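In the numbering used here, the protein residues as written are 2 to 310.
From the three backbone atoms N, C-alpha and C, an ideal C-beta is built for every residue, glycine too.
Owing to the predicted nature of the structure, the values given are computational and were not obtained by experimental measurement.
Structure record follows, encoded as structure tokens.
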């Protein structure tokens, strides 16, 4: 594995990777919705994690990135910690919390991830550039996200534990942010090895919970099963590899920018595949989100322009 580069210079490959993640995770909302037509929420969370873990174990063996490359106890603890904190815990918190809040609130909560990553990166990494430029850029992106989702995100669901549900969604955002820091500070290892170990850990937690709460699925309906398979392959297995690569080479702040891309792609897929109405505020929101991303990475973009001359 190559040595990490400074987060100010993520490079063209990492830009392509976070754009790919935005598309993959944006399509995940639609796929999870289809999977839930045939399975319970805990079964979907456990199923996607278990299938992804099995895929990565096999792929790792084929590509020479098996679990034997984990790098001792320190590497195992880093991967297992990520699996607990940034896979099993947010899946559980969101599965529980979204029962009691309006669905749009979860989207706003996930948009807080870049804002949460900033102070965590500042406290744990001396090479992170935390200045007004990044603060303003990330704040612009968050405003664009709120405009895209709309005021419904702050409405009341009328459920009695709504406050706890909101705290659960916010807690999920914090676990995602914390997981990025764990990955950045962990030892070097092949990305498939790290992703497989973390998903095995998460599956070991989520599968028993799913069996206790929902039992084994009685049937395997075709469309929900195919949707679950996609969620396992793309947004879980492939995304885990990409996420590890981006965090370790470009930094958690850069990686967190995907939080602003995912809702945009989710809306686009809803319009093109489900025939949903075009939100009137989409263009304004998109302009703010793109401006925020560009502003937060202004130094890097200028550096690339100078190197190109």
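ask   = If you check the beta carbons only, do residue 18 and residue 200 fall under 8 Å apart?
value = no
query = From residue 210 to residue 289, what distance separates their C-alpha atoms?
reply = A straight line joining the alpha-carbon of residue 210 with that of residue 289 spans about 40 Å.
message = Going by DSSP, what residue range makes up the alpha helix (DSSP H) through residue 192?
response = In the DSSP assignment, residue 192 falls within the unbroken alpha helix (DSSP H) covering 192-215.
message = Please state whether the Cβ-Cβ distance between residue 87 and residue 179 is less than 8 Å.
response = yes
message = Can you look up residue 50 in the DSSP assignment and give me helix, strand or coil?
response = helix
key: For residue 232 and residue 32, believed in contact at Cβ under 8 Å, the rounded distance   = 5 Å
query = Hey, how far is the Cα of residue 1 from the Cα of residue 76?
reply = Since the first residue of the chain shown is 2 and the last is 310, residue 1 is not available in this structure.
ask   = Is the stretch 107-119 touching the stretch 257-271, taking contact as three or more C-beta pairs under 8 Å?
value = yes
message = Spatial neighbours of residue 274 within its chain, please: C-beta separation below 8 Å, excluding the five flanking residues on both sides.
response = 31
request  = Take residue 241 as the anchor and find which of 65, 23 and 13 has the nearest alpha-carbon.
outcome  = 23
query = Looking at the structure shown, is residue 19 part of a helix, part of a strand, or coil, going by DSSP?
reply = helix
task = Less than 8 Å between the CB atoms is what I'm expecting for residue 27 and residue 267, so what's the real figure, rounded?
result = 5 Å
ask   = CB residue 214 to CB residue 16, shorter than 8 Å?
value = No, the Cβ-Cβ distance between residue 214 and residue 16 is not below 8 Å.
key: Which listed residue (51, 63, 95 and 183) has its alpha carbon closest to that of residue 79   = 183
Neighbourhood of residue 308 by C-beta, 6 Å cutoff - its chain only, sequence neighbours within 5 removed = Here the model assigns residue 308 a pLDDT of 46, short of 50, so the residue's position is not dependable, and the following value carries that caveat. So no residue of the chain qualifies.
ask   = Beta carbon of residue 253, beta carbon of residue 181: below 8 Å?
value = yes
message = As an exercise, report each continuous alpha helix (DSSP H) stretch of at least 4 residues that is fully enclosed by the stretch 223-272, in chain order.
response = 223-232, 240-251 and 253-257
Residue 12 burial status per 10 Å Cβ neighbour count (16 or more: buried) = Classification for residue 12: exposed.
query = Among 145, 166 and 208, which one has its Cα closest to the Cα of residue 41?
reply = 208
key: CB of residue 68 within 8 Å of CB of residue 198, strictly   = yes
ask   = Buried or exposed: where does residue 96 fall if 16 or more other Cβ atoms within 10 Å of its Cβ makes it buried?
value = So residue 96 ends up on the buried side.
message = Within 10 Å of its beta-carbon, does residue 246 have 16 or more other beta-carbons around it, so buried, or fewer, so exposed?
response = Classification of residue 246: buried, given that the 10 Å Cβ count is 16 or more.
inquiry  = DSSP three-state label for residue 184, please.
reply    = Residue 184 falls in the helix class under three-state DSSP.
key: DSSP state of residue 102 mapped onto helix, strand, coil   = In the structure shown, residue 102 sits in coil (DSSP, three-state: anything other than H, G, I, E or B).
Span of the alpha helix (DSSP H) around residue 76 = Note, residue 76: alpha helix (DSSP H), 73-84.
ask   = Measuring CA to CA, which of 195, 293, 65 and 230 is closest to residue 73?
value = 195
Straight-line Cα distance separating residue 238 from residue 143 = When only Cα atoms are considered, residue 143 and residue 238 end up about 27 Å apart.
task = Would you mind sorting residue 59 into buried or exposed? The rule is 16 or more other CB atoms within 10 Å of its CB.
result = With fewer than 16 Cβ atoms within 10 Å of its Cβ, residue 59 is classed as exposed.
ask   = DSSP state of residue 124, grouped into three classes?
value = helix
query = Cα-Cα, which of 172, 117, 271 and 227 is closest to residue 45?
reply = Selected option, being the one with the closest Cα: 227.
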